[in-house]
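Everything on this sheet refers to the single structure shown next.
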Amino acid sequence: MSTMNSDTPDQEHSTTTTHSFDDSDTRADEMREQLEAWVEDLAKLTDEAQASKQFQQWLDVQSKFHDYSARNTLLIKLQCPEATKVAGYNTWKDEFDRQVQAGEEAIWIWAPIITDKCPECGNSPSYHERTDCEFDETEPEEWSRGLVGFRPTSVFDISQTEGEPLPELETEAYGQTDGLVEALLEVTDVIGVDARIVPPGEWTHGSASGVCERRSPTTTKPVVEVVDRENRADLASTLIHEFAHALLHFDCDDEKERSRREVEAEAVAYIVSRHFGLDADNAAFYLAAWDGDAPETVRDRLDRISKTAAEVIEAVE
């Protein structure tokens, strides 16, 4: 594991102990107060993560990758299903100091053609001359630039390149699980989900570590799947994250709201993981990368987060 910068949140993965609440009249109040305190801890960690040098370096690299259209995203996935980061040959070489490996096949997408554009027919000067358009109010040199068409262009996935590594954010949970994964799988009926751990060779959801889906219009339970991995603490945290989606977000199509709910799910995973003695502080980097307003979202949605975390904790206990 790489060493973190001193201005990042504490990433030492120090040993934590399982928290417990006495079975007493004050148990509910104690539990609520503790969970709310952990929500505030996560918000502060995320503030620190967003301000860290490591996160700013990561953001700088991400800004150099294009957001591709739905059409191009589909083309990329059809040609290279495992693609995660794609860029042109020269971009890899000049911007990232990485070289496309010999023998790699290009991924072909459509690139926009931006040039001077006739205000009347919308064509570039050369095509304008071949049309019947008689626009002559301004000279071609004075036309505004705009989209006139598309051309095929080649890109390559990072897996097809070699060279300097890109900065990464450490987002995994750590610690001794003491059977937590098995306990989570045993309470699926209580939580109301169907769940399974999928071997990496059978995983069909790309770079995602877990999913929560409705398999058909008649499905009554959310279906949770997580990809298996050696880090059992992170596996448990991902299960909790997807359980939170099942409890809070099974039906949500609004894109902006979905980002807020992703923050909620990761906050629940942080709290429950911490309750059971895992080190989940790296969730702060996950939230910082997912949503710039994550700390405020965590605080604004404290009740939903803490109630859902309590529901998972009580089911497992």
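In this note's numbering, the protein residues as written are 249 to 565.
C-beta: ideal position from N, C-alpha, C; glycine also.
### Anticipated Cβ contact below 8 angstroms, residue 343 with residue 408, distance rounded
Here residue 343 corresponds to residue number 95 of the sequence shown, with the count starting at 1. Here residue 408 corresponds to residue number 160 of the sequence shown, with the count starting at 1. Contact doesn't hold; Cβ gap of about 16 angstroms is too wide.
Determine contact between the region 481-499 and the region 413-433, defined as no fewer than three beta-carbon pairs at a distance below 8 angstroms.
yes
Quiz item: With a Cβ-Cβ cutoff of 8 angstroms, do residue 284 and residue 550 count as a contact?
Solution: Reading the sequence shown from its first residue, position 36 is the one you call residue 284. Reading the sequence shown from its first residue, position 302 is the one you call residue 550. Against a cut-off of 8 angstroms, the Cβ pair of residue 550 and residue 284 comes out as a contact.
Check residue 502 in the structure and name its three-state DSSP category.
-> To locate residue 502, count along the sequence shown from 1; it is residue 254. Here residue 502 sits in coil by DSSP.
Pick out whichever of 380, 334, 562 has its Cα sitting closest to the Cα of residue 406. Here the question's residue 406 lines up with position 158 in the sequence shown. Taking only the C-alpha atoms, the option nearest residue 406 is 334.
Practice task
Look at residue 323 and residue 423 and say whether their C-beta atoms are less than 8 angstroms apart.
Solution key: To locate residue 323, count along the sequence shown from 1; it is residue 75. To locate residue 423, count along the sequence shown from 1; it is residue 175. Residue 323 places its beta carbon 8 angstroms or farther from that of residue 423.
Exposure label - residue 558; buried when at least 16 CB within 10 Å: As a first step, residue 558 must be located in the sequence shown, where it is residue number 310. Buried, since its Cβ has 16 or more Cβ neighbours within 10 Å.
- Message: Which of the three DSSP states is assigned to residue 463 in this structure?
- Response: Taking the sequence shown and counting its residues from 1, the one referred to as residue 463 is at position 215. Three-state DSSP puts residue 463 in coil, outside helix and strand.
Item checked: Buried/exposed call for residue 312, threshold 16 Cβ in 10 Å -> On the sequence shown, position 64 is the one that residue 312 refers to. By the neighbour-count rule (16 or more Cβ atoms within 10 Å), residue 312 is not buried but exposed.
Do you know how far the Cα of residue 519 is from the Cα of residue 529? Taking the sequence shown and counting its residues from 1, one reaches residue 529 at position 281. Taking the sequence shown and counting its residues from 1, one reaches residue 519 at position 271. Rounded to the nearest angstrom, the two C-alpha atoms are 10 angstroms apart.
Contacts around residue 250, its chain only, beta-carbon distance under 6 angstroms, and the 5 residues preceding and following it disregarded
As a first step, residue 250 must be located in the sequence shown, where it is residue number 2. Its pLDDT being 31, under 50, residue 250 is placed unreliably by the model, and the measurement read from it follows with that caveat. For residue 250, where only same-chain residues beyond five positions count, there are no Cβ hits under 6 angstroms.
Candidates 472, 398, 349: closest to residue 319 by CA position: Here residue 319 is taken as the residue at index 71 of the sequence shown, counted from 1. Ranking the options by Cα distance to residue 319, first place goes to 398.
How many whole angstroms separate the CB atoms of residue 309 and residue 415, which I take to be in contact at a CB cut-off of 8 angstroms? Against the sequence shown, residue 309 aligns to sequence position 61. Against the sequence shown, residue 415 aligns to sequence position 167. That belief holds up - the Cβ atoms of residue 309 and residue 415 are roughly 6 angstroms apart, short of 8 angstroms.
Could you check what DSSP says for residue 316 in three-state terms: helix, strand or coil? Taking the first residue of the sequence shown as position 1, residue 316 is located at position 68. It is coil, neither helix nor strand.
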